[in-house]
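Some notes on the structure that comes next.
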Amino acid sequence: MNASRTNTSRRGVPQPSAAGRNRTARRAAVVGGVAASAVVLLAGPALAHVGVQPVGEAAKGGYATVNFKVPNERDDASTVKLEVNFPTEHPLASVSPQAVPGWKIAVTKSKLDKPIEMHGKQITEAVSKVTWTATGDSKVAPGYFQQFPLSIGQLPEDADQLVFKTLQTYDNKEVVRWIDAPTEGAEPESPAPVLALTAATEDGHGAAAGAEDDDAKGGADHASDESDGEDATEHAASSDSSDGTARALGIAGILIGAAGVAFGVLAGRRRTSSAGTPATPAS
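At position 269 of the sequence shown (counting the first as 1) the number is 270 in the working numbering, and the numbers step up by one without a gap.
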């Protein structure tokens with residue numbers, strides 16, 4: 002028997018050749034890769050969840066525009082409602098939603114246990130929840146996502162992030178609770194949207210810089226006005242001096258012209274007198 006094809010053990014049981022074992026190993030690797038890919042594809046939709054991202058930066062102590070991104074994770078249902086709860090430990094007094102076509106927006110405010118100060122005023126209530134509800138056919142269908150924009154502030158100066166616990170409701174009455182706070186080392190099963198805050202800017206969170214620019218602009222305008230006034234005064238003085246010089250030259254010209262005319266008249270008379278005197282005859 003050919004040893005390259007089949008080997009026989011001591012008990013007479015045929016053993017696969019090395020080439021056969023290699024083919025089997027390759028087939029197992031292919032099957033394992035396909036299975037792993039299927040697991041990744043099936044797990045993909047489960048990784049999508051409601052999130053929040055700033056438009057630009059969200060600096061501490063300032064204001065920011067943020068978008069809550071809501072993907073639809075179901076194949077047989079559509080998202081019809083979104084409830085975003087605001088952190089009570091860092092209340093936000095200013096929250097302005099942007100209109101989303103086909104969605105009704107409700108802003109809920111609550112009394113604060115401890116008033117906060119904003120722009121020199123005492124704030125006794127802050128936004129605790131914003132709710133978007135689909136009207137008509139404006140729901141988030143399977144395979145789609147929707148963004149819900151908000152302008153928020155004043156952001157806290159003593160925090161690195163804000164956690165927004167969120168509820169996503171489908172038209173089949175299912176409610177997905179994205180409320181788990183982030184933990185180090187692993188992502189929660191139902192993570193809540195987290196807004197990362199950046200360091201405060203040196204220009205006073207964007208407001209003082211504008212005021213300083215306005216003051217600088219006002220000072221520059223005032224200096225420009227003073228400079229323009231000085232220029233106008235100098236121009237007026239220069240104009241007066243020029244006018245005086247012109248008048249003096251004009252008067253001098255008139256006097257010189259008059260003297261010339263008088264000299265011409267006298268010279269003419271002398272020539273006439275000389276021509277009318279008879280010559281003395283020679284003796």
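Glycine included, each C-beta is placed from N, C-alpha and C at the ideal position. Keep in mind the model is a prediction, meaning the values are calculated, not measured.
Tell me the residue span of the beta strand (DSSP E) that contains Tyr-171. Secondary structure note for Tyr-171: its beta strand (DSSP E) is the uninterrupted segment 166-171.
Is it true that the region 176-184 meets the region 115-122, where meeting means three or more beta-carbon pairs spaced less than 8 Å apart? Output reads no: the region 115-122 does not touch the region 176-184.
Could you tell me the boundaries of the beta strand (DSSP E) in which Asp-114 lies? Note, Asp-114: beta strand (DSSP E), 104-119.
Who are the Cβ neighbours of Ser-129 in its own chain at under 6 Å, not counting the five residues just before and after it? The residues are Phe-87, Thr-109 and Ser-111.
Neighbourhood of Leu-42 by C-beta, 7 Å cutoff - its chain only, sequence neighbours within 5 removed: Note that Leu-42 scores a pLDDT of 38, beneath 50, so its modelled location is shaky and nothing firm can be said.
Unbroken beta strand (DSSP E) run spanning Val-1, endpoints: The question about residue 1 has no answer, for the chain in this structure spans 2 to 284.
Enumerate in chain order the residues of its own chain whose CB-to-CB distance from Gln-147 is below 6 Å, with the five nearest sequence positions on each side excluded. Cβ neighbours of Gln-147 beyond the five flanking positions: Val-71 and Val-141.
His-50 classed as buried or exposed, judged by whether at least 16 other C-beta atoms fall within 10 angstroms: Classification for His-50: buried.
Proximity winner among Trp-133, Ala-127 and Gly-62, relative to Asp-159 (alpha-carbon distances): Closest option to Asp-159, Cα to Cα, is Gly-62.
Apart from the five residues just before and just after Phe-165, which ones in its own chain have a Cβ nearer than 8 Å to its Cβ? Val-53, Phe-69, Val-85, Asn-86, Phe-87, Pro-88, Ala-193, Pro-194, Val-195 and Leu-196, listed in sequence order.
Pick helix, strand or coil for Ala-135, following the three-state DSSP scheme. Ala-135 sits in a strand when the DSSP states are folded into three classes.
With a cut-off of 8 Å on the beta carbons, I'd call Tyr-171 and Val-96 a contact; round off their distance for me. Actually they are not in contact, since the Cβ atoms of Tyr-171 and Val-96 sit about 25 Å apart, beyond 8 Å.
Once the 5 residues before and after Ala-201 are set aside, which same chain residues still bring their CB inside 8 Å of it? Around Ala-201: Ala-60, Lys-61, Gly-62, Gly-63 and Glu-158.
Could you check whether Pro-98 and Ala-127 sit closer than 8 Å to each other, using their CB atoms as the reference points? Not in contact: Ala-127 and Pro-98 (Cβ atoms no closer than 8 Å).
Cβ neighbours of Val-101 in the same chain (closer than 7 Å, five flanking residues each side left out): These residues qualify, in order along the chain: Trp-133 and Phe-149.
One question on the structure: do Glu-90 and Thr-199 come within less than 8 Å of each other, judged by their Cβ atoms? It is not a contact, given that the beta carbons lie outside the stated cut-off.
Assuming Glu-84 is part of the beta strand (DSSP E), what are its boundary residues? In the DSSP assignment, Glu-84 falls within the beta strand (DSSP E) that extends over 80-86.
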